[in-house]
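Novice:
Protein chains in written order, with the numbering used here: chain U, -7 to 482; chain G, -7 to 482.
#1: Could you give the distance in angstroms between the alpha-carbon of residue 90 of chain U and the alpha-carbon of residue 224 of chain U?
#2: To the nearest angstrom, how far is it from the Cα of residue 252 of chain U to the Cα of residue 240 of chain U?
#3: Quick one: does residue 394 of chain G have its CB under 8 Å from some CB of chain U?
#4: Which runs of the beta strand (DSSP E) at least 3 residues long sit entirely within the stretch 236 to 322 of chain U? Give them in chain order.
#5: Among residues of its own chain, excluding the 5 on either side of residue 200 of chain U, which ones have a beta-carbon nearer than 6 Å to its beta-carbon?
#6: So if DSSP puts residue 351 of chain U in a beta bridge, which residue, or which two residues, is it bridged to?
#7: With DSSP collapsed to three states, give me the class of residue 199 of chain G.
#8: Does residue 382 of chain U have its Cβ less than 8 Å from a Cβ in chain G?
#9: What residues from the stretch 201 to 214 of chain G come within 9 Å of chain U, judged by C-beta to C-beta, listed N to C?
#10: Using a Cβ-Cβ cut-off of 8 Å, state whether residue 442 of chain G counts as contacting chain U.
#11: Kindly confirm or deny that the stretch 235 to 250 of chain G and the stretch 201 to 219 of chain G touch, where touching means at least three C-beta pairs closer than 8 Å.
#12: CA-CA distance, residue 465 of chain U and residue 327 of chain U?
#13: Give me, in chain order, the residues of the same chain whose beta-carbon lies closer than 7 Å to that of residue 159 of chain G; leave out the 5 immediate sequence neighbours on both sides.
#14: Is the CB-CB distance between residue 340 of chain G and residue 177 of chain G below 8 Å?
#15: Check the Cβ of residue 346 of chain U against every Cβ in chain G and list those closer than 8 Å, keeping chain order.
#16: For the candidate residues U:429, U:342 and U:168, whose alpha-carbon lies nearest to that of residue 75 of chain G?
#17: How long is the line joining the alpha carbons of residue 92 of chain U and residue 357 of chain G, rounded to whole angstroms?
#18: Report the rounded CA-to-CA distance for residue 421 of chain U versus residue 86 of chain G, giving the unit in angstroms.
#19: Go ahead and pull the three-state DSSP assignment for residue 192 of chain U.
#20: Based on the DSSP output, what are the partners of residue 461 of chain G in its beta bridges?
#21: For residue 443 of chain G, which beta-bridge partners are listed by DSSP?
#22: Could you check how far apart the C-beta atoms of residue 477 of chain U and residue 430 of chain U are, in whole angstroms? I think they sit under 8 Å.
#23: Can you name the residues that DSSP bridges to residue 204 of chain G?
#24: Compare the Cα-Cα distances from residue 315 of chain U to each of U:277, U:437 and U:389 and report the closest residue.
#25: Assign residue 392 of chain G to one of three DSSP states: helix, strand, or coil.
#26: Quick check on residue 299 of chain U - is its C-beta less than 8 Å from some C-beta in chain G?
#27: Per DSSP, what kind of secondary structure is residue 180 of chain U in: helix, strand or coil?
#28: Any idea if residue 407 of chain U is buried or exposed, counting beta-carbon neighbours within 10 angstroms, 16 or more meaning buried?
#29: Pop quiz: residue 447 of chain U and residue 120 of chain U are said to be a contact at Cβ under 8 Å. What is the actual Cβ separation, rounded to whole angstroms?
#30: Give the C-beta separation of residue 138 of chain U and residue 131 of chain G to the nearest angstrom, bearing in mind that I take them to be a contact with Cβ-Cβ under 8 Å.
#31: Candidates U:280, U:297, U:331 and U:290: which alpha carbon is nearest residue 313 of chain U's?
#32: So, does the CB of residue 368 of chain G fall closer than 8 Å to a CB anywhere in chain U?
#33: Under 7 Å Cβ-Cβ, which residues of chain G neighbour residue 470 of chain U?
#34: Between the alpha carbons of residue 296 of chain G and residue 185 of chain U, how many angstroms are there, rounded?
#35: Can you confirm whether residue 193 of chain U, when its beta carbon is compared against all beta carbons of chain G, has any partner nearer than 8 Å?
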């Protein structure tokens, strides 16, 4: 109410003042980015005759007098007792964040496009959102579990915060066979992104982090939120205190570790989102050695491991010594279309110790118990079905389908003369637009072809000049997208 | 590996040294509480001949020489290169936490009891875990949604991080009709406990908090984790920097606000867990006025609102002015037996503003988008069914059943001469054991009657001398429990 009042006041004297509105995704958003918000507490607390309010006050008095009266009335109105501001200071860490989280921002632009072209058939190669139905044997298991909850025998209440034992055992056997990962080192969760935030709670505000550049934005954003970083530096498009490890085609998308300063935490995603590259065994050995020597902890995001075509490791624990330096997180989202069902996991080996010898696993367990209450039991029933022999077959079939999509996209962009990367080991194609602003390219493809992509710079400054095309889509949509892209770029 | 080595070394010369084992719930735990862990890095890095290791070194050399050799061998072994400790400092905030989270600790003691009495039929009046099957019309909706996910028409991927629109609308209409709460002010989540942790991420490390004493432990624990508190003070059993607002039968379980210093955040739970009391309209008016004058934010936990028998407010938004000072969180866990399904919500009104005028809602939205990915779509289908007219009827029937259990428990304890509180407006009975240590009472009831309760001091120092009996249970178990309690205390 208070804010709405102020914006409506402003719109009286600022011809192009934005109006307060809810974002299409339903969350509150102020015009522009979240951080473009301007505090009006000064304006509110004093009379309009004060000249101490810089821009707004000057603007105010430079307007014709006929428009002043309603402004003053409005300001007086805003002084009514219904206007209340708490005395709680906004969290300075959240205030550091630049704009909204990447994917809701893309959804916002997509929705704006729909408003502009209500009849356009938009195709999304943007957010990596699965489109193919979940194999029936997996949904059947969830139906059975849901039905069971209505019976005396099948009902269960709170599950273990760490996940159901059977699920942990199955994950250990299926994905970590021969890697000496025990079921009690695996924590089942509602997704890898959520686990990354919980890991940040474990690490706390005082750790230093490194990320691949470009990288999945949740690492950086959760780090900023926890207060691990300094301010955003517009000149280099980086937060201070974060080490951005440049990964480009020039270094085979693997950072030059000899030039990376030591950090406490190293976020590393392979197969990589967004570049689609995958680290080789030799590269991962180098990474583990680097972490071991530096006493760092690797957070290894393997959410796309199942998409691996080449003979690269699918888990960091294939590398000797990794148990003592690495956490690994995984997800059913892109394995079985569980993006909406929500199921993931995180491995924290017993041997991973803080500098005082305290097991990291114990603190992660504490955070899981205090800030989480276990993944949905119905989702876990689905996960268990995924890990049955038939489930694995069905998942692999789905993954093969998406990989065909990826090949189609690679062919299309290549035939149009674009240099592409990735696509073999991940459902993402990284397409180069040399010298161009990636948001501009995003806008161009959306405007002219009604196709949503993801601008590379959304993943960090190292993504500038690229867009990411996601291979998740019905085949006819992928084919239609390629045909539109041919029209646009041939 | 490294740690196991050290414990086994120790057990050679410390007769009662604990052995390293996993907790029954599967998470890692070291002997005693998480914080009783002793760092052995010094011992590890130096030879056994050094006398600088205080207690352990002295103990070592005071033992007979025949036992020394294997110890030295063991220490040498532990210097092998497989022993690795990272250089990442443990988060000092997590290190402040006393023991494990309350309910896993109770589960641990329950499991130890099972080990001791494998044939005992344990009855749980402990953790407030629902026992009655979910009404069929609600599970049917979840089955239908799960099945739909296997079809082209019914499949959906990522949902909005804030929850499905229909769900938000239904929550607004059902629980906030006439209170001017809009659907876009409601965020659907995987539960109230998880939302409390996310709210703490919004507030950050620099806020001050107040809690009812006793209170649900997640408020305090998440506050400690975020670094909002000082160390734990053993003498008063409180964390410094937290205001503990004593709520006892002497003040009608409502704090004397005239003696409570201003804090940024006030956690307030009504109907209350654990005391079972509910604040009256007048009391809540006082609370809202207190927050308004102080510029504080109330986090109002209404997870038990549906259990209200008296004519007290079910939502803080029934109080004029609350929209500008209060967040409210709710849950389907105790409404529809969703403790394992996971579904809750949090309301953050537009008018709730930080001191600089920035909407709290925008920051909560940012945290939900960055650290969460929406509640499971299947759970949301269940939630929507809960809010249908038939669903509401079914939920109320279930709640009535648990309320009958509560009445049985109240009658039993009263007839045994105990003073009880709560029970009318919440599924919890707060039973007084004057002058007794509540963990002792917990142990006595478990040992002699095989009944799990919750010790009052687990909810804060104000809970000392009480136990909480939860009314969630099959009727025959509740009756059996009362018969055992009669045997124990008559």
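Even for Gly, the Cβ is constructed at its ideal location relative to N, Cα and C.
Specialist: The short version:
#1: 7 Å
#2: 15 Å
#3: no
#4: 257 to 261 and 289 to 293
#5: 255 and 256
#6: U:345
#7: coil
#8: Closer than 8 Å to the CB of residue 382 of chain U there is not a single CB belonging to chain G.
#9: 209, 210, 213 and 214
#10: no
#11: Three or more beta-carbon pairs drawn from the stretch 235 to 250 of chain G and the stretch 201 to 219 of chain G are found closer than 8 Å, and the two stretches are therefore classed as touching.
#12: 14 Å
#13: 180, 372, 375 and 376
#14: Result yes, Cβ atoms of residue 340 of chain G and residue 177 of chain G sit closer than 8 Å.
#15: Under a criterion of Cβ atoms nearer than 8 Å, the residues of chain G adjacent to residue 346 of chain U are, in order, 77, 78, 80, 81 and 82.
#16: U:342
#17: The C-alpha of residue 92 of chain U lies about 9 Å from the C-alpha of residue 357 of chain G.
#18: 40 Å
#19: In the structure shown, residue 192 of chain U sits in a helix (DSSP, three-state: H, G or I).
#20: G:421
#21: G:115
#22: About 16 Å; that fails the 8 Å criterion.
#23: DSSP, once it has assigned bridges, lists G:237 as partnering residue 204 of chain G.
#24: U:277
#25: helix
#26: no
#27: strand
#28: Exposed.
#29: Under the criterion of beta carbons closer than 8 Å, residue 447 of chain U and residue 120 of chain U do not qualify as touching, at roughly 14 Å.
#30: 5 Å
#31: U:280
#32: At least one chain U Cβ lies under 8 Å of residue 368 of chain G.
#33: Going along chain G, no residue has its Cβ under 7 Å from residue 470 of chain U, so there is no contact; the nearest lies around 15 Å.
#34: 30 Å
#35: yes
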